[in-house]
Every structure is written in structure tokens, then in C-alpha cells.
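Everything on this sheet refers to the single structure shown next.
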Amino acid sequence: MRTDNATLFAEGSVSTLRLIVYLAFSVALMVLDHRGHYLEVLRRTASALVEPAYRLAAFPADVARATRTAVATQDRLAGENRELREQLLLAQARLNRLDTLVAQNARLKGLLDAQKNLGLSVQFARLVDVDLDPFRHRIVLDVGTNQGIAIGQPVIDAHGVMGQIIEVLPNTAVAMLITDPTHAIPVVIERTGLRTIAYGSGAIDRLELPNIPISADVKPGDKLLTSGLGGRFPAGFPVGEIGSVSNDKSGMFAAATARPSAALDRSGEVLLLRDQPQPYGPPALQGEMGPPAELAGPAPDAPPAAAAATSP
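Residue numbers 106 to 417, in my numbering, belong to the letters of the sequence shown in order.
And the structure:
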């Protein structure tokens, strides 16, 4: 039994005729589809059936592209986030520095105003160290003997008395604060004129005034000023404000506490008072006062007795 295995492009008249029929049929289908779009539905169906295969074939490339994009985007966002954090930190540091400069300018203006209002000779200094141990309250200043500082000079800020110099080195000086447990300062109550002594308590925000007469008129809110006694602190500088008044344990005296006027735990700049010349003895005599010479008139005539003595 013989089989016909002839193909479409095999040699012979049958194959040629078959090829011509197929070509004519294809041309007819293309013409009909072009004019009447009869195969549109078929193409859509075929495209819908083939599309998953296209997507499946393109899936690895899409995944690789998406991964590269995600990594690049994440790196870019991380870099932008880091840069923004650095800019924010820098802006915050500048803002904090600006606040510090504003506060420093306010303190310096207060010191300048205090110097002008007092009309005293002062030396400006900055704090370089602070020691607020409960048993000693000290500050270290950036001036010393090379700047003309001497032991015993009073130290003030824009608000009141801070303490006095107790140690001097060539370029630094140590001052004892008025709240030091070993410090005492003569004060006067501004409202009544009562003189007493304010002692350091060891607490940066409290002064102690023991041994006040029980009958003395002392009230919370009274202002304490330097009395000038002892010759160390000039009179009239603010020292503190009475906070509370009570009787001592013996009941024979009153005791009070006061809050210092100076910003002992906040001031960064201070003034050191220089010794002021004090007048001694009575004031100098003033010249004889009277009307101007042109308004005094002619000199008075000689008395009659003198004129009679000269006559014969």
C-alpha cells in the first residue's frame, strides 16, 4: 500500500495547484476582512488567548526592572531623607545658637545698663567654671592680676550682688558666692532701714537672716540692700528679697530666709567693682558768695567821726 507524502511546496502540478488555492483563499479573506471587518471578533479572541503567554514571557524582565527601580528609589529616598535630617539638625543648631546669642545679648545689655546707672568703675569678666558643691559655692572668672583684679573686689551681675574675689591668679580669679555657707554680707531692709547680716545657706537659692529682733518689722517681699558696713560692698546694691519670716527655736529672735537677687546659677557675665575713692574730713570751704561787683554799687562814705578828726 502506497501513501502520498507530498508536501505543499513539493514539485508537481498537484502541489502547485494547492498552493494557488491557498493563496487565493488568503487573499479573499484579507479583502473581506479589510472591507467588512468580519474577522475582528476572531482576532480579539485570539489576542485574549495569546496575551497571558506574552505576559508570562515578559514577567522575568518586568520583575527585574521593578526590582532595579525599587532599589534605586529606596536608595534615592534614603539619601534624601539623610540629607533632610542633616539640614534639620543644622537648622536646629543654628536656631539654638541664635536663642543663646539673644539671651547673651540681653544679659550684656543688662550689665551695660547697670554700669551706666551706677556710674562706677567696673571690670567686665566671664565665667569659665562653676563649683556649686553644698559646702562651697565658687565661680572662676577669666580675669586676674594681669587685668588689675585684686582680692576682695565685689562681684555683681545685672540684678544684684553675687559675691567677692577670694583668690587671684595671673589670668583667672576665684570668687565666693553670697550663698556659700562661710559667707556673710551686711544688709539693710529697704522698707524699714533695719540692719542685719545675711548668711549663705549652702543652697544656691536661699540666704539666711538669723537673730532678727522679735519686734522688728520684717515682712515677706522686703528688699535687701547692701548697707555699706564693713567697707567691702558699697551701699545700695540689691542682695535679695525676704521669702519667709518665723521665730527661731529659742523664741527670742526672728529668723528669715531670702532669695538672692543675682542670677547665681544662670549668669555667664559679671562685673567686678573697683575701689572708689572715699572723701575724708569736712568738705572744702566755698568761696565768699555775694552779688556781682557791678551790682554792688559805689563804696559807702567814710564815717563822720573820721572826717572830723582830720579837720583843724
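In this text, a Cβ means the ideal position worked out from N, Cα and C, and glycines have one as well.
Predicted model, so just to flag it, every value in this text is computed and none were measured.
Check whether the Cβ atoms of residue i and residue j sit closer than 9 Å, and answer yes or no.
i, j, result
"Ala280", "Ile290", "no"
"Ile319", "Gly356", "yes"
"Thr284", "Val293", "no"
"Arg364", "Asp322", "no"
"Ser349", "Ala340", "no"
"Ile347", "Leu369", "no"
"Pro286", "Pro239", "yes"
"Gly257", "Phe342", "no"
"Gly336", "Leu232", "no"
"Ala278", "Ile254", "yes"
"Val375", "Ala230", "yes"
"Gly307", "Val273", "no"
"Gly305", "Leu282", "yes"
Cα-Cα, which of the options is closest to residue i?
i, options, result
"Gln228", "Asp238, Val260, Asp236", "Val260"
"Leu419", "Ile309, Ser226, Pro318", "Beyond the ends of the chain as shown, which are 106 and 417, falls residue 419; an answer cannot be given."
"Asp262", "Ala133, Leu134, Ser366, Val146", "Ser366"
"Val344", "Val350, Ser351, Ser332", "Ser332"
"Leu312", "Phe358, Leu137, Arg371, His288", "His288"
"Gly298", "Gly307, His139, Ile317", "Ile317"
"Gln252", "Ser118, Arg123, Leu124, Arg379", "Arg379"
"Phe338", "Lys354, Ala359, Ile270, Ala175", "Ile270"
Taking the continuous beta strand (DSSP E) assigned at residue i, which residues delimit it?
i, result
"His242", "241-246"
"Lys328", "328-331"
"Val323", "Per DSSP, Val323 belongs to no beta strand (DSSP E) and is neither H nor E."
"Glu295", "Element bounds for Glu295: n/a, residue is neither H nor E."
"Ser349", "343-352"
"Gly305", "300-305"
"Thr362", "358-365"
"Leu237", "227-238"
"Leu282", "278-282"
"Ile254", "No beta strand (DSSP E) holds Ile254; DSSP gives it neither H nor E."
"Pro339", "Pro339 -> no beta strand (DSSP E), and no H or E assigned at all."
Would you list the one or two residues that DSSP bridges to residue i?
i, result
"Leu189", "None; Leu189 has no bridge partner."
"Leu314", "Ala361"
"Val375", "Ala230"
"Leu291", "Strictly speaking, residue 291 in this sequence is Pro, with Leu absent from that position. Answer is Ile302."
"Glu272", "Val279"
"Val260", "Gly268, Leu377"
Just checking: is the beta-carbon of residue i within a distance shorter than 9 Å of some beta-carbon in chain C?
i, result
"Val207", "The chain inventory of the structure shown lacks chain C, comprising one protein chain alone."
- Message: Taking 8 Å as the cut-off, does the region 233-247 touch the region 320-327 (at least 3 CB pairs, one atom from each stretch)?
- Response: no
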